[in-house]
Amino acid sequence: DAKTTQPTSMDCAEGRAANLPCNHSTISGNEYVYWYRQIHSQGPQYIIHGLKNNETNEMASLIITEDRKSSTLILPHATLRDTAVYYCIVRVAYQFYFGTGTSLTVIP
Amino acid sequence: DAGVIQSPRHEVTEMGQEVTLRCKPISGHNSLFWYRQTMMRGLELLIYFNNNVPIDDSGMPEDRFSAKMPNASFSTLKIQPSEPRDSAVYFCASSLDGQLPYQPQHFGDGTRLSIL
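Listed in order, the protein sequences are those of chains A and B. Quick note on numbering: the first sequence equals residues 1 to 108 in my numbering. Quick note on numbering: the second sequence equals residues 1001 to 1116 in my numbering.
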């Protein structure tokens, strides 16, 4: 069972920052938060993950609240190619529980 | 670097036939996962191998499904006999070490299976 709650869909203007929220209020202290995205007809693509601290890589930034009950994925300058379903996942051991994700549409 | 490679990309076959899906993990990865994705149930883990040994097969739907990993660079998922309800996209993923919580899984592009 998915341990996260995400909005079903979001829109973002091209060139703007896309902020995707996720609630994971039942997360345990040693469980990581992962973000993946899936573009139509492709496999899930790894984006970023974190435990407690905020993380940044070449694709995105991950902001985790101090109580770890929620997080936000930030795509700093969204492009049309960022249109995809974004999954927020709480990893339990080797298990990734994919929920229904957020369908992000980047608008020209 | 080559990612996870799956074949075939598409498979259409008739009910009752045997189906074999293939996966080549990323070189050096010691963990391999098979997932199934459907509209109704989303992405589900079917089986997890670590160092070529099946660790968790609790997600395998029934005895018609079997998976093998004869060596570190190859795995198969077999359905025999196939049924229309097996129609789905099947993904293979690999990880440097599936036991480490900070190691991500990397997915292939999947096999879209249609059973008529």
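The beta carbon of each residue, even a glycine, is placed where N, CA and C say it ideally should be.
Own chain partners of A60 (chain A) with C-beta closer than 8 Å, once the 5 adjacent residues on each side are dropped: Within the first sequence, residue 60 (chain A) is the residue found at index 60, counting from 1. W35, I47, I48, L73, I74, L75 and P76.
Distance between beta carbons of R1036 (chain B) and Y1090 (chain B), contact taken as under 8 Å: The residue you call residue 1090 (chain B) lines up with position 90 of the second sequence. The residue you call residue 1036 (chain B) lines up with position 36 of the second sequence. Right, the Cβ-Cβ distance comes to about 6 Å (below 8 Å), so this counts as a contact.
Beta strand (DSSP E) segment containing Y34 (chain A), residue limits: By one-based count along the first sequence, residue 34 (chain A) stands at place 34. Per DSSP, the unbroken beta strand (DSSP E) holding Y34 (chain A) starts and ends at V33 to Q38.
Beta strand (DSSP E) runs wholly inside the stretch 52-88 of chain A, at least 3 long, in chain order: Qualifying beta strand (DSSP E) stretches, in chain order: 61-64 and 70-75.
Local Cβ density within 10 Å of D1086 (chain B), reported as buried at 16 or more and exposed below that: Start at 1 with the first residue of the second sequence, and residue 1086 (chain B) comes out as number 86. D1086 (chain B) comes out buried.
Paired residues, beta bridge with L1032 (chain B) - DSSP: On the second sequence, residue 1032 (chain B) is found 32 positions in, with the first residue counted as 1. Beta-bridge analysis with DSSP links L1032 (chain B) to B:F1049 and B:S1094.
Segment limits, beta strand (DSSP E) that includes F1074 (chain B): Sequence index remark: in the second sequence, residue 1074 (chain B) carries index 74 (1-based). Note, F1074 (chain B): beta strand (DSSP E), F1074 to I1079.
Cutoff 7 Å: L1043 (chain B) Cβ touching any chain A Cβ: Along the second sequence, one-based indexing puts residue 1043 (chain B) at 43. True, the Cβ-Cβ gap to chain A drops below 7 Å.
Burial state of A84 (chain A), where buried means 16 or more other Cβ atoms lie within 10 Å: Here residue 84 (chain A) is taken as the residue at index 84 of the first sequence, counted from 1. Result: buried.
Cβ-based burial, A18 (chain A) [other Cβ within 10 Å; buried from 16]: Within the first sequence, numbered from 1, the residue matching residue 18 (chain A) stands at position 18. With 16 or more Cβ atoms within 10 Å of its Cβ, A18 (chain A) is classed as buried.
Min CB distance Y86 (chain A) to chain B below 7 Å: For the purposes of this step, residue 86 (chain A) is taken as the residue at position 86 of the first sequence. No, no contact with chain B.
Nearest candidate by alpha-carbon position, reference D1056 (chain B), set B:S1031, B:G1108, B:N1071 and B:Q1017: Looking up residue 1056 (chain B) in the second sequence gives position 56. Nearest of B:S1031, B:G1108, B:N1071 and B:Q1017 to D1056 (chain B), Cα basis: B:S1031.
DSSP state of P21 (chain A) mapped onto helix, strand, coil: As a working mapping, residue 21 (chain A) is identified with position 21 in the first sequence. Strand at P21 (chain A).
Cβ of G1108 (chain B) within 7 Å of any chain A Cβ: Stepping through the second sequence from its first residue, residue 1108 (chain B) is reached at position 108. So yes, G1108 (chain B) belongs to the interface.
Touch test, the stretch 1043-1059 of chain B against the stretch 1004-1013 of chain B, Cβ-Cβ under 8 Å, three pairs minimum: Output reads no: the stretch 1004-1013 of chain B does not touch the stretch 1043-1059 of chain B.
Positions along the stretch 32-44 of chain A whose CB lies within less than 9 Å of some CB in chain B: Among the residues of the stretch 32-44 of chain A, those with a Cβ less than 9 Å away from any Cβ of chain B are Y32, Y34, Y36, Q38, S41, Q42, G43 and P44, in the order of the chain.
I39 (chain A) versus R81 (chain A): straight-line alpha-carbon distance, rounded: The residue labelled residue 39 (chain A) in the question sits at position 39 within the first sequence. The residue labelled residue 81 (chain A) in the question sits at position 81 within the first sequence. Their Cα atoms are separated by approximately 9 Å.
Proximity of Q1105 (chain B) and D1097 (chain B) at Cβ, strictly below 7 Å: On the second sequence, position 105 is the one that residue 1105 (chain B) refers to. On the second sequence, position 97 is the one that residue 1097 (chain B) refers to. Their beta carbons are not under 7 Å apart, which means Q1105 (chain B) does not touch D1097 (chain B) by this criterion.
Under 8 Å by beta carbon: chain A residues contacting G1098 (chain B): Taking the first residue of the second sequence as 1, we reach residue 1098 (chain B) at position 98. The contacting residues are Y94.
Per DSSP, cross-strand counterpart(s) of P1101 (chain B): One-based indexing of the second sequence puts residue 1101 (chain B) at position 101. Residue pairing by DSSP places P1101 (chain B) opposite no residue, since no beta bridge is assigned to it.
Three-state class that DSSP yields for D1086 (chain B) in the structure shown: In the second sequence, residue 1086 (chain B) corresponds to position 86, counting from 1. Looking at D1086 (chain B) - three-state DSSP - the assignment turns out to be helix.
C-alpha gap between T5 (chain A) and P44 (chain A), whole angstroms: As a first step, residue 5 (chain A) is located in the first sequence; it is residue number 5 there, counting from the start. As a first step, residue 44 (chain A) is located in the first sequence; it is residue number 44 there, counting from the start. Here the alpha carbon of T5 (chain A) sits roughly 18 Å from the alpha carbon of P44 (chain A).
Contact under 7 Å by Cβ, L20 (chain A) with Y87 (chain A): Here residue 20 (chain A) is taken as the residue at index 20 of the first sequence, counted from 1. Here residue 87 (chain A) is taken as the residue at index 87 of the first sequence, counted from 1. No.
Partners in chain A for P1104 (chain B), counting only beta-carbon separations shorter than 8 Å: The residue labelled residue 1104 (chain B) in the question sits at position 104 within the second sequence. In chain order: Y34, Y46 and H49.
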